[in-house]
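Q:
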Amino acid sequence: MVDPGSTNVVNLVSCPQEVWPDGNLTFPETRLGQTAESLNLCPQFTTRAGEPRARRECVGDFISQPQWRPLVLLSCFEGDVNENLDNLLNMTVTPENAEEVARETASLTSNADDIGPSALMTIAGILEKLVAANNTSPAVASQIVTIVNNVLQIDRDATFEEAASSNSPSRIVAALESFVSALHSNGVGNLTEVQSSLAVVALSIPRGSLSNGFGFGSSLPISGADSLTGDRISVFMDKDAQLEAEASIFLPAEILYEVSEGGSDQVPLSFFLYQSSSLFQSPTLHDAARPEEGFRREVGSRVIAATVEGVKIENLAMPVSSVFSLVNVTGENETVHGAQCVFWDFSLNDGAGDWSTEGCRNESVSDGVVRCLCDHLTSFAVIVDIYGQQENVFLSVISKLGCAVSVVALIITLVTYLYSKKLRSKQPQQIQISLCFALLALYLVFLVGIEAISPRAGCIVVAVLIHYSTLASIAWMAVEATNMYLLFVRVLNARVSRFVLKASIAAWGLPLVIVIIILAADYSQYDSPNYCFLKPGNAIYFGQLLPIGLVLLFNFVVFTLVMRKLTCARKTISSSSDRSGRQETIRRLQNALAISVLLGLTWVFGLLSVFQAANFAFQVLFTVCNSLQGLMIFILFCARQKEVRQVWWEMLPCKKPAVRKGEVSGTGLESTTRGAISLSSKVTKETNLSEMSQAQS
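Adding 676 to a residue's 1-based position in the sequence shown gives its number in the numbering used here.
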């Protein structure tokens, strides 16, 4: 015989009736495989009046007990969000319909992208009507906190700045605080609402248990999470607990002993924590910004507030203590200088409110933690001064201007050399042509694409091209150094067969190998979020700076050897030549300048700007010299050369070149160092000018 007490009857064909935890939605018993509609219908003032507010499906396998699927909420409004919010604003809000109005407003504001400046003004009006309705039920309280939290999700500063003209943000804050105040007045009891961007705590504390004071705050986030959670919000009676908080406030016992609620022994306290300062629009901060100087002033912390119901707290002998961990509000290349404790004064700005320092002072600022002391209660925060690196703007301007000038100079140089067969037929000029092409590619890609970070694929292509052309340019400078070594130092056996061909394979090929290796290993190294170039890391150290450093070292050695040769040659000339010391000094200076530019000594400034702490001077030197290399090449090896000027004369219409009898022509370093070459021939006594000419051909 079966014991009825041991029998458990399970319904395998339907889901039981269920009431949603907040009591707003009820679903009837529904057979397996069918979809249930909520018994709760949209209110009459909505566009879907009388239709269900939600749906959910009953599923199962006829073996185990059926289960409800997650519900699908249905909006009671259709059409434009702003229009629907206007309809809610135009309604008469009563204690009876306040919960429905609050719920629908929360639903309409759930998508922050739909909220514009005009919607903020409407939301402020709806909140003020909800406060006036004086329905302080937990359901209404929860929906009001949700509405304000939804507004805080808006990440468009322009929306709040435009809405500030109507005082909408400040009105929303005032409405929230007024509603929580009404909770205390109506004796509703304690309230704790924590959402992603807003936490509200209202409670009444026995006065006798607060001899040490009372605090409220949020703990530091874990793993960089920005959203608030319930476990991060706490109240405490130990002032030292503030040190471990992201934002906290501690009320001294002096406040708590001066107040009581209706003759009772309860102290009514309210606390608010805003993750964003967007509702606190400050004309003072806006007016302080100086974009042309790279300066702006921002709220650099969370905003925390405390009130004691029915009492205006001010001029305290024992100040209110608040502690803030500064949050990151800086952009790239921006730094924070200074922090100031402030409070929100609703009486400023014609009632719209503004930040003020009156009655507040910094107790300490250390390691990103600011301790504030104020002699009154309200909303508190920390204002920080943010400075952009003005030198970066300056460097950007001179870099782009220098690159543009170099592009024009390089184009003229290339056109000149390619036009004249005589100019392009010799080995040094062929090297210079390749160097000009590499630099021209670098400057053009830099000007067009360095800041074109969107689309990302295009930015990566630009980064690759800039990297490759930079390496190719420095490689051709190494080729030029090698050629000068053969010309000035290694006079004997200076001729290398197919030198230009071999040099081209190395100078164009090796940079390509480096770029391909980086792309194959991790192409994202070229995907920098702020500019189109290599990201800081091993790729830029070993794929950019190391090759440049090695070439620089090689060029420096060659530079030293060549300068030594020229110095020795100058001493010989001074003992046998009738030329004045002034002419010798000018010639030596010209040679040194030409060699230093072509060997890429400007990269010394670049390396120093990376490894020196005070690097702005080196950055300026590097930027100016490097971006103007094209112009220097044009001046030294075009404008200053008689043979090139003769070609320009020939290029003019109806002009014929005037050939001077006995004139010795030369370009580049050949013409600027004719005396050194001739002297070298005399010293070695094993070569002559004709052999030297053959070595360059």
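C-beta: ideal position from N, C-alpha, C; glycine also.
Which class does A839 belong to by DSSP, given the choice of helix, strand or coil?
A: In this structure, A839 counts as helix in the three-state DSSP scheme.
Q: Let me know the secondary structure DSSP gives T822 once reduced to three states.
A: Here T822 sits in helix by DSSP.
Q: For A782 and N826, which I take to be in contact (beta-carbon distance under 8 Å), what is that distance rounded to the nearest angstrom?
A: That pair is a contact at about 7 Å.
Q: Distance, Cα to Cα, L1077 vs K1241?
A: Rounded to whole angstroms, L1077 to K1241 spans 37 Å at the Cα level.
Q: Look at the alpha carbon of V1176 and the alpha carbon of L1141, and state the distance between them as a whole number of angstroms.
A: So the alpha carbons of these two residues sit roughly 23 Å apart.
Q: Would you call the region 1078-1091 in contact with the region 1050-1063, where contact means no fewer than 3 C-beta pairs closer than 8 Å?
A: No, the region 1078-1091 is not in contact with the region 1050-1063.
Q: How should K805 be labelled, buried or exposed, when 16 other C-beta atoms within 10 angstroms of its C-beta is the threshold for buried?
A: Label assigned to K805: buried.
Q: Please return the same chain residues whose Cβ sits closer than 6 Å to the Cβ of A1139, not counting the five positions on each side in sequence.
A: Hits under 6 Å: Y1202, C1208, F1209.
Q: May I ask you to report which of helix, strand or coil DSSP gives W1031?
A: In this structure, W1031 counts as strand in the three-state DSSP scheme.
Q: Is A1179 closer than 9 Å to I1194 when the C-beta atoms are compared?
A: Not in contact: I1194 and A1179 (Cβ atoms no closer than 9 Å).
Q: Beta strand (DSSP E) containing Q1220: first to last residue?
A: Counting along the chain, Q1220 falls outside any beta strand (DSSP E), and DSSP gives it neither H nor E.
Q: Rounded C-beta distance between L1304 and V1081? I'm assuming under 8 Å.
A: That belief holds up - the Cβ atoms of L1304 and V1081 are roughly 7 Å apart, short of 8 Å.
Q: Return the CA-CA distance between Q957 and D1030, expressed in angstroms with no decimal places.
A: C-alpha separation (whole angstroms): 7 Å.
Q: Note the first and the last residue of the continuous alpha helix (DSSP H) segment covering H962.
A: Where H962 is concerned, the enclosing alpha helix (DSSP H) stretches over 959-964.
Q: Could you check whether V748 and L708 sit closer than 9 Å to each other, using their CB atoms as the reference points?
A: Cβ atoms of L708 and V748: not closer than 9 Å.
Q: Is L1099 helix, strand or coil when you go by DSSP?
A: Helix, per DSSP.
Q: Mind checking whether L761 and R731 have CB atoms under 9 Å apart?
A: No, they are not a contact pair.
Q: Output the boundary residues of the beta strand (DSSP E) element that contains I1062.
A: Counting along the chain, the beta strand (DSSP E) containing I1062 begins and ends at 1055-1064.
Q: Between the region 1107-1116 and the region 1307-1317, can you find at least three pairs of beta-carbon atoms closer than 8 Å?
A: They touch, by the three-pair rule.
Q: Between the region 905-922 and the region 853-866, are three or more C-beta pairs nearer than 8 Å?
A: Not touching, per the Cβ criterion.
Q: Where does the unbroken alpha helix (DSSP H) through G801 begin, and where does it stop?
A: Where G801 is concerned, the enclosing alpha helix (DSSP H) stretches over 793-809.
Q: By how many angstroms is the C-alpha of E930 removed from the C-alpha of D975?
A: Checking the displayed sequence, the identity of residue 975 turns out to be Val instead of Asp. Taking the straight line joining both Cα atoms gives about 29 Å.
Q: When we look at the beta-carbon of Q693 and count the other beta-carbons within 10 Å, is it buried (16 or more) or exposed?
A: Exposed, since its Cβ has fewer than 16 Cβ neighbours within 10 Å.
Q: Does at least one heavy atom of the ligand COA sit under 8 Å from the Cβ of S895?
A: You won't find the ligand COA in this model; it holds no ligand whatsoever.
Q: What does the alpha-carbon distance come out to for the pair V906 and E838?
A: Note on residue identity: the sequence assigns Gly, not Val, to residue 906. C-alpha separation (whole angstroms): 33 Å.
Q: Given a threshold of 16 other Cβ atoms within 10 Å of its Cβ, counted over all protein chains shown, does A851 qualify as buried or as exposed?
A: Buried.
Q: Where I1107 and Y1199 are concerned, what is the direct C-alpha to C-alpha distance, given to the nearest angstrom?
A: C-alpha separation (whole angstroms): 32 Å.
Q: Opposite I909 in the DSSP bridges: which residues?
A: Its beta-bridge partners are S894.
Q: Can you tell me the Cα-Cα spacing of Q1103 and D1061, whole angstroms?
A: Taking the straight line from one Cα to the other gives about 58 Å.
Q: So for N866, helix, strand or coil by DSSP?
A: Reduced to three states, the DSSP call for N866 is coil.
Q: Let's see if you can read the secondary structure: which residues bound the alpha helix (DSSP H) around G1044?
A: Where G1044 is concerned, there is no enclosing alpha helix (DSSP H), given that its DSSP letter is neither H nor E.
Q: Flag this pair as touching only if the region 1094-1102 and the region 1117-1129 have three or more C-beta atom pairs under 8 Å; answer yes or no.
A: No: the two stretches stay apart, fewer than three of their Cβ pairs being nearer than 8 Å.
Q: From what residue to what residue does the beta strand (DSSP E) around D1021 run?
A: Where D1021 is concerned, the enclosing beta strand (DSSP E) stretches over 1010-1021.
Q: Residues in its own chain within less than 6 Å of S946 by CB, not counting five upstream and five downstream?
A: For S946, where only same-chain residues beyond five positions count, the Cβ hits under 6 Å are V856, A878, T983.
Q: At the level of alpha carbons, what is the spacing between S794 and R724?
A: Roughly 24 Å between the two C-alpha positions.
Q: Taking C-alpha atoms, which residue in R966, R978, G970 lies nearest to S954?
A: The residue with the shortest Cα to Cα distance from S954 is R978.
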